[in-house]
Amino acid sequence: MSYVTACLDTSPFLPAVCDYAAWSCSKLAAPLMLLHVVDSPRYPGSVSLSGTAGLGGREHFLDELVRLDAQRSRVAREQGQILLESAATWLRKAGAPESQLRLCEGSLPHVVKEQAAGTRLLVIGRQGEDSSEEDYVGSQLESVIRVCDRPILVVPENFSEPESVLLAYDGSDTARKALEWLLEGALCQGMRLHVLLVGNDSEVTRLHLDWARERIAQAGLQANVSARDGLAEHVLQAYIDEHDIDLLVMGAYGHSRIRRFLVGSTTTNMLHRTSLPLLLVR
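Quick note on numbering that gives the first Met the number 0: the sequence shown kicks off at 0 and runs consecutively.
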């Protein structure tokens, strides 16, 4: 069974992650999984005492370190379970489907990669609980995007139900996969769909746009499919502002001009440029 998996922590993004996950479940008719990861490097269950022989007879000091680390790990697990149960109760009262709860230990990217086989869509906040006020995106977000081969919905701090969606389209296999995922998964059902190719008017551009129009028509939907020339980030933002776009969809690893914003540190750059929820498809 493939879940909409919501990554939960104690950041201010928690309510929005829950809301967007519940909304995604209703659109995709998929079950909901609430996931919390206890960071094992931050809360180790045990410590290695190798190399401490030079402390002589201070065994009581070492025992205290071990006891404190074990206590911190236990408290972190208990807090994580309370977080999951509280979120599930709140979602149930809000009318969301019954949630599966999963508490894991390890690093967030590693756990997300392990859980990918059972994930249809991953929902995660733009910032995590360890982010500072100066951080616009969380320190682990780009690592999660790189290791997860499932669509990822990166959400802002406040929830607003999307009514319009823009696919940044470049004709690449990744962009076509993103469009197919939107059409087949019913996420954009009932929403105003826009497909924008950033590029000059050419035969190749027209062929890419014709393919997109044909696939959308086959799905029985309508969309505004167009191309604009210019710098990708400026063109996309201008289009978002003009058409009051609520959700931006991009291939996580694309080609042409879009590619510059979706490889290396440029994924973070795109997240810095928009306050919209951003759906990334690999």
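C-beta: ideal position from N, C-alpha, C; glycine also. Since the structure is predicted, the reported quantities are computational estimates derived from the model, not experimental observations.
Taking a C-beta distance under 9 Å as the contact criterion, Gly79 and His109 do not qualify as a contact pair. In the DSSP secondary-structure assignment, Cys103 is bridged to Val36. The C-alpha of Leu181 is placed about 26 Å away from the C-alpha of Leu107. Going by C-alpha positions, Gly94 is about 29 Å away from Leu140. Where Thr118 is concerned, the enclosing beta strand (DSSP E) starts and stops at Thr118 to Gly124. With respect to His242, His207 sits apart: the two C-beta atoms are not nearer than 9 Å. Gln114 and Glu156 have their C-alpha atoms some 24 Å from each other.
Per DSSP, the continuous alpha helix (DSSP H) segment holding Arg214 begins and ends at Glu202 to Gln217.
In the structure shown, Gly250 adopts extended strand secondary structure according to DSSP, grouped into three states. Collapsing the DSSP output to three states places Ser72 in a helix. For secondary structure counted as the alpha helix (DSSP H) over 4 or more consecutive residues, the region 142-210 holds these complete runs in sequence order: 172-184.
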